[in-house]
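Trainee:
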C-alpha cells in the first residue's frame, strides 16, 4: 500500500539543458494516456529541491519541471502501463551530462529532497494551492517552472501538454477533445485555471478554451504567470 511512486533517474537528450534538477508528472501526451497526478506532491518536491539547492550553494544548477512524458515511451515500452498505477508517478532527475550526473552535491540535494514529498502532512497550509493545466510551450518552459517555485502565490501544475506533443497527438481534432478531459480527470485536485502558451496554434487554443468553458475555469496566456499576484485564479 503506497501513496506515490518516484523514478530517480538521470536526464538526457540531444538538446537537453545541462545542470538541472527536475521533477515532472508522467503520461504519454501523443498516446493520450496519463498517470495520476498530484500537484501538492509535485510542488512539495520542487520546493524542497530548490531550498536544498540554495542551501548547498549549487548556484550553477536550476530547479525545473518538464512537460508531461514517460521515459518508457522512448525505450519502446507499452504506454498502456502508464495509467495502471493508482498513485502519482514522478520522474525525479539530474541532467543532462555525465559531469552533472556525477556531481555529489546535486546527488545529495536530490536525495535529501525525496523525504519532503509529504511536507503537506507537517504543514497543512501546503495543501491550499491553486492548480493549473498548462498547454503549449517547449519541453522545458521556464514560466511554468517558476510559477511553482515562486512562493508569492501557492500554485502548482497537474500536467503540462507541450506544443510538440499536442500537435503530434492531433488535439485540434474534435474526436480527440475527450482526451483533454481525460487529462484533467487524471489530476487528483480540481483544476482552477488553464494556461495557453502563445506559440500554440489557434485550432489547439480553441480546443483548450472549450475545455475551460466546460470546466468553468479561466483560460489565460502564459505571460500572466510572470506576475503571480494578478493571476485570475
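Numbering (this note's numbering), first residue to last: 66 to 298. Even glycine gets a Cβ: it sits at the ideal position worked out from N, Cα and C. Computed from a predicted model, the values in this text were never measured in an experiment.
1) I'd like to know whether the C-beta atoms of residue 173 and residue 76 end up nearer to each other than 8 Å.
2) Starting from residue 178, follow the alpha helix (DSSP H) in both directions and report where the run begins and ends.
3) Can you give the beta carbon distance from residue 107 to residue 90, rounded, assuming they're within the 8 Å contact cut?
4) Given this structure, state the Cα-to-Cα distance separating residue 126 from residue 210, to the nearest angstrom.
5) Evaluate the contact criterion for the segment 228 to 239 versus the segment 190 to 207: three or more CB pairs, one atom per stretch, below 8 Å.
6) The ligand FMN and residue 248: does the residue's C-beta get closer than 7 Å to at least one heavy atom of that ligand?
7) Have a look at the DSSP bridge pairing and note the partners of residue 280.
8) State the start and end residues of the unbroken alpha helix (DSSP H) segment that holds residue 211.
9) With a 10 Å radius around its C-beta and 16 neighbouring C-beta atoms as the bar for buried, classify residue 259 as buried or exposed.
10) Which residue marks the beginning of the alpha helix (DSSP H) containing residue 228, and which one marks its end?
11) Pull up the CB-CB distance for residue 86 and residue 171, whole angstroms please, since I reckon it's below 8 Å.
12) Per the contact definition of three or more C-beta pairs closer than 8 Å, is the segment 133 to 143 in contact with the segment 188 to 197?
13) Any idea which residues DSSP pairs residue 71 with across the strands?
14) Taking the alpha carbon of residue 194 as the reference point, which residue from 103, 74, 71 has its own alpha carbon closest?
15) Do residue 165 and residue 110 come within 8 Å of each other at the CB atom, strictly closer than that value?
16) Helix, strand or coil: how does DSSP classify residue 137 here?
17) Residue range of the alpha helix (DSSP H) that residue 114 falls in?
18) On the DSSP bridge assignment, give the partners of residue 127 in chain order.
19) Just checking, does the segment 211 to 225 make contact with the segment 118 to 133 on the three C-beta pairs under 8 Å criterion?
20) Where does residue 221 land, buried or exposed, given buried means 16+ other C-beta within 10 angstroms?
21) With distances taken from CA atoms, which of 145, 242, 78, 67 is nearest residue 205?
22) I'd like to confirm the pairing. Which residues does DSSP put opposite residue 99 in its beta bridges?
23) I'd like the list of long-range same chain contacts for residue 297, defined as Cβ closer than 8 Å, with 5 residues on each side in sequence excluded.
Mentor: Looking at the coordinates:
1) no
2) 169 to 178
3) 6 Å
4) 14 Å
5) yes
6) Here there are no bound small molecules, and the ligand FMN is not part of this structure.
7) Note: residue 280 sits in no beta bridge, so no partner.
8) 207 to 214
9) buried
10) 228 to 233
11) 7 Å
12) no
13) 155
14) 103
15) no
16) helix
17) 104 to 120
18) 85
19) yes
20) buried
21) 78
22) 92
23) 258, 283, 285, 289
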